[in-house]
């Protein structure tokens, strides 16, 4: 009957079974498509024997999906509206969701970071491998999709090298990696740029880095920026989406218009040439990350939201 396994239905069946077996109080799922749809099917299939409220957390992919194909709008809106509670990871995403789906019952509960797991620590062997001559090190961490604009990082490196010596490590993999590597060769900066692919311990690479480059075309939140900040790494990023909610321009990093590699390069040079500024900005970045986005700050917000949904 089906050429491929019906994932949404299979997931709904599994959710219902686990909820019934474990006597769950609620289901908290991430992304409206497909997970909220599966959760709603599970909730409805368990009535009237079990009340199972569904909470959906939006991360921005749903907006992107509908933006790419408007035919997904009705089913995505259904998943959001039929949830018993909805959260978004940034004020930007809340507003974008309201505008796209005409639905405003959304609570902002941002992403969080564990300050114990994400903290700067000494990684001398990795640092020596990435920068054997002791040059300052910039880093980019992403899935190398076009929206992340990894090629901009290569352009920034080329401009930085005209003024000062530095290196760049590109962490991750994806469709734009080959083009980024090609651009590095075209600009003659390949000897100062390392592509290391996906890495299981991102915190080690952040600990080795002096500056993070995040020139994305769009970010609903900017989790890579938050992780870097927790590791005392100043962030040079695009002023898009939820990033300005995370990075304070001039305090914990520098923000620029999308594609403005000239300004990003100038900001990078300022930080790379001024170790005192870099360290002070990194210190403020960690303070900001932990004071606003630590598990101690955010998890109680979720618990409070759960209690309100259960009491409704």
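Residue numbers (this note's numbering): 81 to 392.
By construction, the Cβ of each residue, glycine as well, lies at the ideal position given by its N, Cα and C atoms.
Owing to the predicted nature of the structure, the values given are computational and were not obtained by experimental measurement.
What number of angstroms, rounded off, separates the C-alpha of residue i from the C-alpha of residue j?
{"i": "residue 292", "j": "residue 161", "result": "37 Å"}
{"i": "residue 314", "j": "residue 141", "result": "26 Å"}
{"i": "residue 107", "j": "residue 131", "result": "10 Å"}
{"i": "residue 156", "j": "residue 135", "result": "14 Å"}
{"i": "residue 198", "j": "residue 303", "result": "12 Å"}
{"i": "residue 163", "j": "residue 360", "result": "44 Å"}
{"i": "residue 195", "j": "residue 83", "result": "46 Å"}
{"i": "residue 193", "j": "residue 283", "result": "12 Å"}
{"i": "residue 377", "j": "residue 329", "result": "22 Å"}
{"i": "residue 114", "j": "residue 207", "result": "41 Å"}
{"i": "residue 372", "j": "residue 301", "result": "13 Å"}
{"i": "residue 335", "j": "residue 317", "result": "5 Å"}
{"i": "residue 381", "j": "residue 104", "result": "20 Å"}
{"i": "residue 306", "j": "residue 290", "result": "15 Å"}
{"i": "residue 215", "j": "residue 154", "result": "52 Å"}
{"i": "residue 269", "j": "residue 120", "result": "51 Å"}
{"i": "residue 257", "j": "residue 224", "result": "6 Å"}
{"i": "residue 88", "j": "residue 109", "result": "13 Å"}
{"i": "residue 279", "j": "residue 249", "result": "12 Å"}
{"i": "residue 345", "j": "residue 146", "result": "34 Å"}
{"i": "residue 210", "j": "residue 276", "result": "10 Å"}
{"i": "residue 212", "j": "residue 271", "result": "12 Å"}
{"i": "residue 351", "j": "residue 358", "result": "5 Å"}
{"i": "residue 93", "j": "residue 175", "result": "33 Å"}
{"i": "residue 133", "j": "residue 217", "result": "47 Å"}
{"i": "residue 165", "j": "residue 99", "result": "18 Å"}
{"i": "residue 379", "j": "residue 266", "result": "47 Å"}
{"i": "residue 391", "j": "residue 294", "result": "41 Å"}
{"i": "residue 203", "j": "residue 309", "result": "17 Å"}
{"i": "residue 180", "j": "residue 152", "result": "12 Å"}
{"i": "residue 368", "j": "residue 178", "result": "28 Å"}
My assumption, with CB atoms under 8 Å, is that residue i sits in contact with residue j. Please give the rounded CB distance.
{"i": "residue 274", "j": "residue 311", "result": "With a Cβ gap of about 18 Å, residue 274 and residue 311 do not count as contacting."}
{"i": "residue 232", "j": "residue 339", "result": "7 Å"}
{"i": "residue 221", "j": "residue 254", "result": "Actually they are not in contact, since the Cβ atoms of residue 221 and residue 254 sit about 12 Å apart, beyond 8 Å."}
{"i": "residue 95", "j": "residue 122", "result": "4 Å"}
{"i": "residue 296", "j": "residue 320", "result": "6 Å"}
{"i": "residue 138", "j": "residue 91", "result": "Not quite, the Cβ-Cβ distance comes to about 18 Å (not below 8 Å), so this is no contact."}
{"i": "residue 331", "j": "residue 364", "result": "6 Å"}
Run through DSSP, which three-state label would residue i get?
{"i": "residue 90", "result": "helix"}
{"i": "residue 296", "result": "coil"}
{"i": "residue 289", "result": "coil"}
{"i": "residue 323", "result": "helix"}
{"i": "residue 194", "result": "coil"}
{"i": "residue 351", "result": "helix"}
{"i": "residue 115", "result": "helix"}
{"i": "residue 225", "result": "coil"}
{"i": "residue 363", "result": "helix"}
{"i": "residue 181", "result": "helix"}
{"i": "residue 201", "result": "coil"}
{"i": "residue 385", "result": "helix"}
{"i": "residue 342", "result": "helix"}
{"i": "residue 159", "result": "helix"}
{"i": "residue 316", "result": "strand"}
{"i": "residue 368", "result": "helix"}
{"i": "residue 187", "result": "strand"}
{"i": "residue 247", "result": "strand"}
{"i": "residue 402", "result": "In the structure displayed, the chain extends from 81 to 392; residue 402 sits before or after that span and is not available."}
{"i": "residue 337", "result": "coil"}
{"i": "residue 284", "result": "helix"}
With a 10 Å radius around its C-beta and 16 neighbouring C-beta atoms as the bar for buried, classify residue i as buried or exposed.
{"i": "residue 159", "result": "buried"}
{"i": "residue 299", "result": "buried"}
{"i": "residue 356", "result": "exposed"}
{"i": "residue 262", "result": "exposed"}
{"i": "residue 227", "result": "exposed"}
{"i": "residue 150", "result": "exposed"}
{"i": "residue 190", "result": "buried"}
{"i": "residue 102", "result": "exposed"}
{"i": "residue 116", "result": "buried"}
{"i": "residue 337", "result": "exposed"}
{"i": "residue 362", "result": "buried"}
{"i": "residue 230", "result": "buried"}
{"i": "residue 144", "result": "exposed"}
{"i": "residue 387", "result": "exposed"}
{"i": "residue 342", "result": "exposed"}
{"i": "residue 234", "result": "buried"}
{"i": "residue 383", "result": "exposed"}
Counting pairs of beta carbons, one from the region 123 to 130 and one from the region 166 to 178, are three or more of them closer than 8 Å?
no
Three or more beta-carbon pairs under 8 Å between the region 231 to 245 and the region 176 to 189, yes or no?
no
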